[in-house]
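Visitor: To start, I am sharing the structure in question, which I have written as structure tokens.
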Amino acid sequence: MTNARRTAYAYSFALLVMPLLQAYVMVTYDVLAPLLFVPLILIATLLGGTWPGMLATAIPTGAHLAFAPLSTLNVLRIFVLLAIGISASYIVRRFQQISREAEQNRSAERELSQAVLHTQASARVSDERFAQLASAISEVFWMTNVEKTEVLYVSPAYERIWGMSASKLYAEPHTWLEGIHPSDRERVAAAWTSSGVFNIEYRVTRPDGSVRWIHDKASQVCDNDGKLIALAGIAEDVTERRELEEQLRQTQKLESMGLFAGGVAHDFNNLLGVITANANMISEGLPEGHADRELVDEIDAAVMRAAALTRQLLAFSRKQVTEPVVLDINRSVADTSKMLRRLVGEDIVVQTSLDPDLLRVRFDQSSLVQVLMNLAVNARDAMPQGGTLTISTRNTNNKIELSVSDTGCGMSREVLTRVFEPFFTTKELGKGTGLGLPVVHGIVQQAGGTIEIESEVGAGTAFRIKLPSVDLPADPVLDHIANASRGHEKIVLVEDDCYVRAAASRSLRARGYTVLEASEGRAALRLLRDHKADVSLLVTDIVMPGMNGRELAELATERMPGLPVLFMSGYADDNNLRQSVQRADVHFIEKPFRIQAFAAKVRQILDEAAVVDACAEWLDSSAHLTRPLNERDVDQAAAKPQLTALVSAAI
């Protein structure tokens, strides 16, 4: 019902109903007037409101004043009734207003309660989502008060990275600084106490002793008025990144060393080659037991040690040229064990356990010796009080396993993860370079093998090297000590270093060969052209200015098919060049070399070439129909994989 309609009802009630009751009221005024007026006023007030109720009181009162006797008491009663009516109307209206306000308040409270419940539910959902987000992120989020005396929040990653409980950090905020590596603590504390705004990296020592690198960035938190209210930051575990950066630095250092070593190695090996060649020739010219011969042999031994050092440096840069051959590992271990006993000393027992049915492998002989020596030195340093060094071999899944174990101090888990890093060493300053085991790792990988380590602190260490086997007979081992057989063939020798060329030429001429010398590729090609009919071998350096040894060999064999080539070098700066030299059908000798080994290699190549020529001549003629191939030729041909096809065809 609208207010206008309610007001109309109230006026109608007051004007029509009240006058009809006047007569009765006048008769019984004293008793019924209060009883009638008050309900009528209340009804008018409820229907129309405060003002209609007051009018409903005033109109009948006017009628009373008109018809009632005008005595003082009667007038007073009328005004009292008027006051009662007005008061009653106001009280009723006020009661209605209070009721409505109370209902509105109750409704507002219900809405507020629902809003609070909704807000609490949303807050719980937000907290859960934040907790899930904080748990999923690897970084540590943290916040402290302005005074830096209270930790307001730290994310769950703190326990994972620092290795300490967050509850302890909340209770004892200073434990954060105590966990920082002692070498970094002062620097971090200075940054922390200055302004609290920093961007630094530092190390954290975990309770288990491991060290993690942390990148921590902190900033100030201000309210809307710009007032500083807290400090907050993000701490990230950057250990892996630092390790990768360190590996990159080590790799760059290694490459720099490789470039330096490679640049020096060629000239250095040439100098060593001249020294050892002349020392060997002097030694050969002295009778057995001569006093000067021992001195010359010491010079030769020193040259070989220097060459071994150069070889180790080149092994890192992968610029070393190797000559993989089919090896009998057992024989190589047996031949090397005597040298290893001298290397490790009398306090260490060297014992071997070799599988008699061990398969063959394709491996560089000098690299194998280097692997055994490096592992033996590592074992020796792990057994300062003496112990046992065991070298064993066995077959396993078409591979051979070469194991070198010791009874030394062993290695921790942390050291095990870093033993193959270049320059990493646990030895005292000046007692280790950190190169030995990385060299072993590089050699084994270059040969297509794998290396594993088993070690426990106090229980010794075992290195297990696995190499792919080959189903071929072992290549014959040259006698590097006794003088090689003499020869009469004509050889073209190409070497840009005049001293090396002179020493090599002198050693060959002393054994009866005719040597044609050239200092570079084009001169060698002219010699081959002029003496095409009677040149039996091309001996060439690999790294030369202008035309390198490989290019020379390709042109020479195009013009003279079947011409054998012997490469000699200790360094090659081109990977393709090294790979072409390391093929099974290519002959190679590493600088610096002893003249006995050089002469033996030359004789071996010439003999193999003679066998090939004999087989080819025999097949081309009709002799194979009536005469079998010479047994010696068959044996020599079968010793080389590249001759097997000829032998099979001949037989």
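Reminder that position 130 of the sequence shown reads as 849 in the working numbering, one-by-one numbering, no gaps. Backbone N, C-alpha and C define an ideal beta-carbon position, used for all residues, glycine too. All of these numbers come straight from a predicted model, not from anything done at the bench.
Could you work out which residue in Glu1171, Ser1255 and Ala996 is closest to Tyr1218 when comparing CA atoms only?
Guide: Numbered from its first residue, the sequence shown carries residue 1218 at position 499. Check the Cα spacing between Tyr1218 and each of Glu1171, Ser1255 and Ala996: the tightest is with Ala996.
Visitor: Measuring only the C-alpha atoms, how far is Glu1277 from Ser1255?
Guide: Here residue 1277 refers to the residue found at position 558 when the sequence shown is read from its first residue. Here residue 1255 refers to the residue found at position 536 when the sequence shown is read from its first residue. If I take the Cα positions, the gap works out to 15 Å.
Visitor: Within this structure, are the beta carbons of Leu1073 and Asn1049 separated by less than 8 Å?
Guide: As a first step, residue 1073 is located in the sequence shown; it is residue number 354 there, counting from the start. As a first step, residue 1049 is located in the sequence shown; it is residue number 330 there, counting from the start. Against a cut-off of 8 Å, the Cβ pair of Asn1049 and Leu1073 comes out as a contact.
Visitor: With Ala1178 and Gly1129 assumed to form a contact (beta carbons below 8 Å), what rounded beta-carbon distance in angstroms separates them?
Guide: Here residue 1178 is taken as the residue at index 459 of the sequence shown, counted from 1. Here residue 1129 is taken as the residue at index 410 of the sequence shown, counted from 1. 5 Å between Cβ atoms; contact.
Visitor: By how many angstroms is the C-alpha of Leu1227 removed from the C-alpha of Ile1210?
Guide: In the sequence shown, counting from the first residue as 1, residue 1210 sits at position 491. In the sequence shown, counting from the first residue as 1, residue 1227 sits at position 508. Going from the Cα of Ile1210 to the Cα of Leu1227 covers about 9 Å.
Visitor: Which term fits Asn999, buried or exposed, when burial requires 16 or more other beta carbons within 10 angstroms of its beta carbon?
Guide: Here residue 999 refers to the residue found at position 280 of the sequence shown. So Asn999 ends up on the buried side.
Visitor: Are there 16 or more other CB atoms within 10 angstroms of the CB of His1160, so buried, or fewer, so exposed?
Guide: Here residue 1160 refers to the residue found at position 441 of the sequence shown. Buried, by the Cβ-count rule.
Visitor: DSSP three-state label for Thr995, please.
Guide: Along the sequence shown, read from residue 1 onward, the residue named residue 995 stands at position 276. In this structure, Thr995 counts as helix in the three-state DSSP scheme.
Visitor: Got a sec? Which residues, its chain only, sit under 8 Å from Ile856 by beta carbon, not counting five neighbours each side?
Guide: In the sequence shown, the residue the question calls residue 856 occupies position 137. Cβ neighbours of Ile856 beyond the five flanking positions: Ser874 and Ala876.
Visitor: With three or more beta-carbon pairs closer than 8 Å as the criterion, would you say the segment 1049–1060 touches the segment 1106–1113?
Guide: yes
Visitor: Let's test the definition: count the other Cβ atoms within 10 Å of the Cβ of Pro1043 and tell me whether it reaches 16, buried, or not, exposed.
Guide: As a first step, residue 1043 must be located in the sequence shown, where it is residue number 324. Counting Cβ neighbours within 10 Å, Pro1043 comes out buried, since at least 16 surround it.
Visitor: Do we get a CB-CB distance below 8 Å when we pair Ala1252 with the residues of chain C?
Guide: No chain C is part of this structure, which consists of one protein chain only.
Visitor: My understanding is that Asp935 touches Gly882, with C-beta atoms under 8 Å, so please give their C-beta distance in whole angstroms.
Guide: Here residue 935 refers to the residue found at position 216 of the sequence shown. Here residue 882 refers to the residue found at position 163 of the sequence shown. Not quite, the Cβ-Cβ distance comes to about 16 Å (not below 8 Å), so this is no contact.
Visitor: Hey, Ala920 and Ile933 are a contact pair by Cβ (cut 8 Å); roughly how many whole angstroms apart?
Guide: Residue mapping note: residue 920 aligns to position 201 of the sequence shown, counting from 1. Residue mapping note: residue 933 aligns to position 214 of the sequence shown, counting from 1. Reading off the sequence, residue 920 comes out as Glu, not Ala. The Cβ separation is near 7 Å, so the contact holds.
Visitor: Hey, out of Asp1083, Asp1047, Asp1100 and Val1063, whose CA is closest to Pro1075's CA?
Guide: Counting from one through the sequence shown, the residue named residue 1075 turns up at place 356. Comparing Cα positions, the closest option is Asp1047.
Visitor: Kindly give me the distance between the Cβ atoms of Gly664 and Lys1320, rounded to whole angstroms, as I take these residues to be in contact under 8 Å.
Guide: Limits of the chain in this structure are 720 at one end and 1370 at the other, which puts residue 664 out of reach.
Visitor: Does Asn918 pass the burial test, meaning 16 or more other C-beta atoms within 10 Å, or should it be called exposed?
Guide: Counted from its first residue, the sequence shown places residue 918 at position 199. The residue in question, Asn918, is exposed, as its Cβ has fewer than 16 Cβ neighbours within 10 Å.
Visitor: Which of the three DSSP states is assigned to Asp1125 in this structure?
Guide: As a working note, residue 1125 is residue 406 in the sequence shown. Per DSSP, reduced to three states, the secondary structure at Asp1125 is strand.
Visitor: Using DSSP with H/G/I as helix, E/B as strand and the rest coil, what is Pro901?
Guide: Counting from one through the sequence shown, the residue named residue 901 turns up at place 182. Of the three classes helix, strand and coil, the one that applies to Pro901 here is helix, per DSSP.
Visitor: Alpha carbon to alpha carbon, how far is Arg1137 from Ser938? Give it in angstroms, no decimals.
Guide: Counting from 1 along the sequence shown, the entry for residue 938 is found at position 219. Counting from 1 along the sequence shown, the entry for residue 1137 is found at position 418. Approximately 37 Å, taken between the alpha carbons.
Visitor: Beta-carbon separation of Val940 and Ile953 under 8 Å?
Guide: Stepping through the sequence shown from its first residue, residue 940 is reached at position 221. Stepping through the sequence shown from its first residue, residue 953 is reached at position 234. With a cutoff of 8 Å on beta-carbon distance, Val940 and Ile953 are scored as not near each other.
Visitor: Return the residue from the list Val870, Ala1098 and Thr1115 that minimises the CA-CA distance to Leu888.
Guide: In the sequence shown, the residue the question calls residue 888 occupies position 169. Of the candidates Val870, Ala1098 and Thr1115, the one whose C-alpha sits nearest the C-alpha of Leu888 is Val870.
Visitor: So, for Glu878: in the same chain, excluding its five sequence neighbours on each side, which residues have a beta-carbon less than 7 Å away from its beta-carbon?
Guide: Reading the sequence shown from its first residue, position 159 is the one you call residue 878. Closer than 7 Å at Cβ, skipping near neighbours: Ser884 and Ala885.
Visitor: Return the CA-CA distance between Asp986 and Asn1116, expressed in angstroms with no decimal places.
Guide: Counted from its first residue, the sequence shown places residue 986 at position 267. Counted from its first residue, the sequence shown places residue 1116 at position 397. Answer to the nearest angstrom: the Cα atoms are 44 Å apart.
Visitor: Can you list, in chain order, the residues of its chain whose CB lies under 6 Å from that of Pro1283, leaving out five sequence neighbours each side?
Guide: On the sequence shown, residue 1283 is found 564 positions in, with the first residue counted as 1. Closer than 6 Å at the Cβ level, and outside the excluded window around Pro1283, lie Leu1256, Ile1324 and Ala1328.
Visitor: Going straight from the alpha carbon of Val1068 to that of Leu896, what length do you get?
Guide: Here the question's residue 1068 lines up with position 349 in the sequence shown. Here the question's residue 896 lines up with position 177 in the sequence shown. Rounded to the nearest angstrom, the two C-alpha atoms are 50 Å apart.
Visitor: Of the residues Phe979, Ala1095, Glu1171 and Glu1003, which one's Cα is nearest the Cα of Glu1120?
Guide: Translated into the one-based positions of the sequence shown, residue 1120 becomes position 401. Comparing Cα-Cα distances from Glu1120 to each of Phe979, Ala1095, Glu1171 and Glu1003, the minimum goes to Glu1171.
Visitor: Given a cut-off of 8 Å on the beta-carbon distance, is the pair Gly1240 and Gly1281 in contact?
Guide: Mapped onto the sequence shown, residue 1240 falls at position 521. Mapped onto the sequence shown, residue 1281 falls at position 562. Cβ atoms of Gly1240 and Gly1281: not closer than 8 Å.
Visitor: Any idea if Ala924 is buried or exposed, counting beta-carbon neighbours within 10 angstroms, 16 or more meaning buried?
Guide: On the sequence shown, position 205 is the one that residue 924 refers to. First, the residue type needs correcting, since residue 924 is Thr and not Ala in the sequence shown. Classification for Thr924: buried.
Visitor: Which residue marks the beginning of the beta strand (DSSP E) containing Lys1185, and which one marks its end?
Guide: Within the sequence shown, residue 1185 is the residue found at index 466, counting from 1. Residues Gly1179 to Val1189.
Visitor: Is the beta carbon of Met1287 closer than 8 Å to that of Leu1247?
Guide: Position 528 of the sequence shown, counting from 1, holds the residue named residue 1247. Position 568 of the sequence shown, counting from 1, holds the residue named residue 1287. No, they are not a contact pair.
Visitor: Just reading off the beta strand (DSSP E) that Tyr921 is part of, what are its end residues?
Guide: Numbered from 1 along the sequence shown, position 202 holds the residue referred to as residue 921. Where Tyr921 is concerned, the enclosing beta strand (DSSP E) starts and stops at Phe917 to Thr924.
Visitor: First and last residue of the beta strand (DSSP E) that includes Pro1043?
Guide: Here residue 1043 refers to the residue found at position 324 of the sequence shown. Note, Pro1043: beta strand (DSSP E), Pro1043 to Leu1046.
Visitor: What's the call for Phe1390, buried or exposed, on a 16-neighbour Cβ count within 10 Å?
Guide: With the chain covering only 720 through 1370, there is no way to say anything about residue 1390.
Visitor: Of all the options Leu990, Ala1318 and Thr1029, which has the alpha carbon lying nearest to the alpha carbon of Glu1208?
Guide: Within the sequence shown, numbered from 1, the residue matching residue 1208 stands at position 489. Out of Leu990, Ala1318 and Thr1029, Ala1318 has the C-alpha closest to the C-alpha of Glu1208.
Visitor: Ignoring anything shorter than 4 residues, give me the alpha helix (DSSP H) runs that lie fully in the segment 1045–1100, in order along the chain.
Guide: For the segment 1045–1100, whole alpha helix (DSSP H) runs of length 4 or above, ordered along the chain, are 1048–1063.
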